[in-house]
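Undergrad: Supplied in structure tokens, the structure appears directly below.
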């Protein structure tokens, strides 16, 4: 199945995408089914009750288990920013339309403002804080001046990372497609693509060099 | 001016872009006593103008940079504002107690008195701070506000002050009688008249407006997403004292700012609310606007309605230029003025009338080159229509009328680089689906910086360990002030930029201008140099004493300090400094009294579009921008600003418009799903060429770059669409409905 706006020359991504997440959550009436259903067997689950009020959950962020207090309605973005002080992911639209809060969940880009923190339990989360200054992608962003005010940049970096991880040597069309969920008001798109291209050409793997 | 001034001869102007001669001139200037000697066109630079990277790029790209939105403190509360749902009326009731009683709510304050006027949907009524935003949202629902709504108008064209529009979109009103202009129009061989429109554009900064406020007794510390740290400081201090608060010190921080584009010069009601909530709750408070508030309460580029009529003589030179414009403003009826490129009509009889029209919406604010993208769209498209009538190539018409030497060179160079002639030779098959076209437009701005009152300053410190600090209390909103401080300081001291640490955005440091009107770099660059120059003199004195040579013979450069063979490496020289660093405060002197090479900056942009004649979709495929900004300091950063402005221009030309619901007075597309800004798939093949010019107006010669590159792009794109489809679309944005209607009109 090919969505109408997929680039003709691009392979479909594996796993869940933002699109399948949205479809999943729209179709499912079971709370929190969207992502969990993608990886867990469809066995009946023991009913659990949370809220009102806060409770503690464990999130696996950048390879570390972190405890954070959330309400059932707390988004992953708020849990990261307000609960764990991981403020790289930005809150810009809070409606899944700008990509400023992009993080990787099991290696796939997700708008963390559209995912409930509880739905992220049990998944590997990667945020921009995992990338250090020596990371080839970060180094390329700086070298190509792929940023101005910098507010969209962490989200751009994460979408760029996913683009590189999935495609290796992406074409311009593929890059534009993979960045199409990330808005930048300063107008850095061209230089972000140059940064992706430069990283791909360097042959060095991005997203592996340790940040925080 | 009691101190003696020394006259200095310098070379100003620029070397050929290619194809035209060098434009270099000798000029004698007289810098104020104590200022650093001027750089000129013959100064050899180590760092300035080079390909250095943005110094805070790593902090931003790794997410470590802490913007106001990211600042947090233990016990900090979050806050939101209750907004008016009516566009016009009176607040008749406000019950806050139920919200106050909620657990987790720290403070609830009224921002409007009962009986006062409500001016637009989104006008601030009350504010709540609580332990998290979910709770605060719950609390806002417990506030009971009542209004006496009055009838409103949110479309300025429906105002009784607005002129009537005929069904073809033309202003349906007589031009005011003036025999001279009528005579000049009649004297021309070719004449034309047409009406143009633009819609409201929101700034859409990605970091919304907002603050974090923390009181320590009567001392207030504020983190602000702002373009004017000192402006916010002054406004808050005044507003809090006006409310009877005993205010000690007020310190503002804005180390990183997520965009502003002209909307962030004041603390606003949200800043005041944040400080008042923090005082009442006795806890730090963060209040950041959400996206709907950002779209609807923080200003915008107002819409414009413009009508031009003009005539050309047999040589294609203007004999008359008659222009009237109307600005579609907010309730305060201000800020809608538009600008047009008057350098085309310098010899013609001209007239220019403007009228602002109020509507019941939030007030307009300055937005990147206020008045220019809208006015230049109208005027430059008008020029192309007139050129078509007269049978003159659009580039030729501009060359015949543009009286600016710099831009004439830019036109000719740009046309060759872009392939203008080939582009204009495109013959579109009327039966084909896709039609191509090319267009061009001009840009200008006037900013060469100013001294400030009292003068702006910069602190430069040289430490014993060889590191250097350059500090400004002004803010870097993404335009690269930190990089500018770093490169200028390194250049003046003759050291590597990595030894310099630039700090911006704390009001504890010397004052600088608000970042508006392209003022920051030209206003601060000479002070940065002056600070480094003064610090260098102190180091030179230490080195001279140590080396036993006369001070006047010691130089500092290429990483060493000394005379002849007696040289100390920079690190060794700095060891002569005691535990207290060398500290100098540089000053921004007035611009030289002699006229600069050019009083402002010039630019020219070219665009190529592809129009889908079936769907009406405009795709901008290629753009070229030639832009000067006086002396280029950080080349990569300057290019980024120009490229970014071109993309913003694409966005304004084909996507952006605020859509209001006339019945409720509410913005219908106050988000990023329906208010569309250009994304990665809209990106044309972009190229920009920085045109570095030595203006000779101060010791650096930088000119403003924020506004100028955003002036021409929408006009160039509109002209390219006119070329592609053969009829002008006189109403931005160039959405498919308008393009299809224009194509249908041509077929009819």
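Residue numbers (this note's numbering), protein chains in the order written: chain G, 95 to 306; chain B, 7 to 754. Even for Gly, the Cβ is constructed at its ideal location relative to N, Cα and C.
Please report the distance separating the alpha-carbon of residue 540 of chain B from that of residue 606 of chain B.
TA: Translated into positions along the second chain, residue 540 of chain B becomes position 534. Translated into positions along the second chain, residue 606 of chain B becomes position 600. Cα to Cα, the separation comes out at about 29 Å.
Undergrad: Does residue 69 of chain B come within less than 8 Å of chain G when only Cβ atoms are used?
TA: For the purposes of this step, residue 69 of chain B is taken as residue 63 along the second chain, with counting starting at 1. By this cut-off, residue 69 of chain B is an interface position.
Undergrad: Check the Cβ of residue 651 of chain B against every Cβ in chain G and list those closer than 8 Å, keeping chain order.
TA: Reading the second chain from its first residue, position 645 is the one you call residue 651 of chain B. In chain order: 281.
Undergrad: Is any beta-carbon of chain B found at less than 8 Å from that of residue 197 of chain G?
TA: In the first chain, the residue the question calls residue 197 of chain G occupies position 103. No, residue 197 of chain G lies away from the interface with chain B (no Cβ there is under 8 Å from its Cβ).
Undergrad: Assign residue 79 of chain B to buried or exposed, taking buried as 16 or more other Cβ atoms, counted over all protein chains shown, within 10 Å of its Cβ.
TA: The sequence position of residue 79 of chain B within the second chain is 73, counting from 1. Exposed.
Undergrad: Quick one: which chain B residues come within Cβ less than 7 Å of residue 248 of chain G?
TA: The sequence position of residue 248 of chain G within the first chain is 154, counting from 1. By Cβ distance, chain B contributes 69.
Undergrad: Quick check: what's the CA-CA separation for residue 203 of chain G versus residue 209 of chain G?
TA: As a working mapping, residue 203 of chain G is identified with position 109 in the first chain. As a working mapping, residue 209 of chain G is identified with position 115 in the first chain. Cα-Cα distance, rounded: 11 Å.
Undergrad: Closest by CA to residue 725 of chain B, which one among B/611, B/120, B/713?
TA: For this step, residue 725 of chain B is matched to residue 719 along the second chain. Considering only alpha carbons, the answer is B/611.
Undergrad: Quick one: grab the DSSP three-state call for residue 493 of chain B.
TA: In the second chain, residue 493 of chain B corresponds to position 487, counting from 1. Residue 493 of chain B falls in the helix class under three-state DSSP.
Undergrad: Please say whether residue 260 of chain B and residue 230 of chain B have beta carbons closer to each other than 8 Å?
TA: Position 224 of the second chain holds residue 230 of chain B. Position 254 of the second chain holds residue 260 of chain B. For residue 230 of chain B and residue 260 of chain B, yes; Cβs fall inside 8 Å.
Undergrad: Let me know if residue 661 of chain B comes out buried or exposed under the rule of 16 or more other beta-carbons within 10 Å of its beta-carbon.
TA: Here residue 661 of chain B refers to the residue found at position 655 when the second chain is read from its first residue. Label assigned to residue 661 of chain B: buried.
Undergrad: Can you tell me whether residue 740 of chain B is buried or exposed? The criterion is at least 16 other CB atoms within 10 Å of its CB, across all chains shown.
TA: Here the question's residue 740 of chain B lines up with position 734 in the second chain. By the neighbour-count rule (16 or more Cβ atoms within 10 Å), residue 740 of chain B is buried.
Undergrad: Using CA atoms only, rank isn't needed, just tell me which of G/142, G/275, G/155, G/269 is closest to residue 186 of chain G.
TA: Counting from one through the first chain, the residue named residue 186 of chain G turns up at place 92. When each option's Cα is compared against that of residue 186 of chain G, the closest is G/275.
Undergrad: Using 8 Å as the Cβ pair cut-off and three pairs as the minimum, do the segment 258-269 of chain G and the segment 11-18 of chain B touch?
TA: Contact fails: fewer than three Cβ-Cβ distances are below 8 Å.
Undergrad: For the segment 71-82 of chain B, list every residue whose C-beta sits within 8 Å of some C-beta in chain G, in sequence order.
TA: Residues 71, 72, 73, 75, 76, 78.
Undergrad: Starting from the C-beta of residue 751 of chain B, find all residues in its chain whose C-beta is less than 8 Å away, skip the five residues before and the five after it, and write them out in chain order.
TA: Within the second chain, residue 751 of chain B is the residue found at index 745, counting from 1. 733.
Undergrad: Quick one: Cα of residue 421 of chain B to Cα of residue 367 of chain B, how far?
TA: Locating residue 421 of chain B in the second chain gives position 415, where the first residue counts as 1. Locating residue 367 of chain B in the second chain gives position 361, where the first residue counts as 1. For residue 421 of chain B and residue 367 of chain B, the distance between alpha carbons rounds to 42 Å.
Undergrad: Report the three-state DSSP secondary structure of residue 294 of chain B (helix, strand or coil).
TA: For the purposes of this step, residue 294 of chain B is taken as the residue at position 288 of the second chain. Residue 294 of chain B: strand per DSSP, three-state reduction.
Undergrad: Give me whichever residues DSSP pairs with residue 229 of chain B in a beta bridge.
TA: As a first step, residue 229 of chain B must be located in the second chain, where it is residue number 223. The partner list for residue 229 of chain B (beta bridge, DSSP) reads B/218, B/259.
Undergrad: Closer than 8 Å, CB to CB, is residue 5 of chain B near chain G or not?
TA: Because chain B spans 7 through 754 in this model, residue 5 of chain B falls outside it and cannot be assessed.
Undergrad: Between residue 429 of chain B and the rest of its own chain, which residues show a CB-CB distance below 7 Å, the 5 nearest in sequence each way excluded?
TA: The residue given as residue 429 of chain B occupies position 423 in the second chain. Excluding residues within five positions, the ones whose Cβ falls inside 7 Å are 444, 614.
Undergrad: Helix, strand or coil: which one does DSSP assign to residue 327 of chain B?
TA: Taking the first residue of the second chain as 1, we reach residue 327 of chain B at position 321. Strand, per DSSP.
Undergrad: Going along chain B in order, which residues have a C-beta closer than 7 Å to the C-beta of residue 222 of chain G?
TA: Mapped onto the first chain, residue 222 of chain G falls at position 128. Correct list: 68, 69.
Undergrad: At 9 Å on the CB atoms, spell out the chain G contacts of residue 140 of chain B, in chain order.
TA: By one-based count along the second chain, residue 140 of chain B stands at place 134. Residues of chain G passing the Cβ test: 165, 167, 168, 172.
Undergrad: Confirm, please, whether the CB-CB distance from residue 31 of chain B to residue 603 of chain B is below 8 Å.
TA: Here residue 603 of chain B corresponds to residue number 597 of the second chain, with the count starting at 1. Here residue 31 of chain B corresponds to residue number 25 of the second chain, with the count starting at 1. For residue 603 of chain B and residue 31 of chain B, yes; Cβs fall inside 8 Å.
Undergrad: Determine, using beta carbons only, whether residue 301 of chain G comes closer than 8 Å to chain B.
TA: Position 207 of the first chain, counted from the first residue, corresponds to residue 301 of chain G. Cβ-Cβ to chain B under 8 Å: no for residue 301 of chain G.
Undergrad: Report the residue ranges of all alpha helix (DSSP H) runs contained in full by the segment 90-161 of chain B; include only those spanning at least 4 residues, in chain order.
TA: Correct list: 103-106, 139-148.
Undergrad: Identify every run of the alpha helix (DSSP H) within the segment 314-395 of chain B, keeping only runs that are complete inside it and at least 4 residues long; order them along the chain.
TA: Counting whole runs of 4 or more residues, the segment 314-395 of chain B contains no alpha helix (DSSP H) stretch at all.
Undergrad: Suppose the cutoff is 8 Å on Cβ atoms and the five residues either side in sequence are ignored; what does the same chain contact list for residue 23 of chain B look like?
TA: The count along the second chain starts at 1 and reaches residue 23 of chain B at position 17. So the list reads 415, 416, 419, 632, 695, 697, once near-sequence residues are dropped.
Undergrad: Assign residue 307 of chain G to one of three DSSP states: helix, strand, or coil.
TA: With chain G running from 95 to 306 in the structure shown, residue 307 of chain G is simply not present.
Undergrad: Measure the C-alpha to C-alpha separation of residue 424 of chain B and residue 735 of chain B and round it to an integer number of angstroms.
TA: To locate residue 424 of chain B, count along the second chain from 1; it is residue 418. To locate residue 735 of chain B, count along the second chain from 1; it is residue 729. When rounded, the distance between both Cα atoms is 23 Å.
Undergrad: Can you pull the chain B residues whose beta carbon is under 7 Å from the beta carbon of residue 290 of chain G, in chain order?
TA: Residue 290 of chain G sits at position 196 when you count from the first residue of the first chain. Residues of chain B passing the Cβ test: none, with the nearest at roughly 11 Å.
Undergrad: Could you check which residue in B/402, B/208, B/267 has the C-alpha nearest to that of residue 234 of chain B?
TA: For this step, residue 234 of chain B is matched to residue 228 along the second chain. Of the candidates B/402, B/208, B/267, the one whose C-alpha sits nearest the C-alpha of residue 234 of chain B is B/267.
Undergrad: With C-beta atoms as the reference, is residue 657 of chain B less than 8 Å away from residue 684 of chain B?
TA: Within the second chain, numbered from 1, the residue matching residue 657 of chain B stands at position 651. Within the second chain, numbered from 1, the residue matching residue 684 of chain B stands at position 678. Yes, the pair counts as a contact, with Cβ atoms nearer than the cut-off.
Undergrad: Which residues in the same chain as residue 250 of chain G place their Cβ atom closer than 6 Å to its Cβ, once the five residues preceding and following it in sequence are excluded?
TA: Taking the first residue of the first chain as position 1, residue 250 of chain G is located at position 156. These residues qualify, in order along the chain: 276, 286.
Undergrad: For the segment 455-537 of chain B, list the alpha helix (DSSP H) runs that are entirely contained and at least 4 residues long, ordered along the chain.
TA: You should have 487-499.
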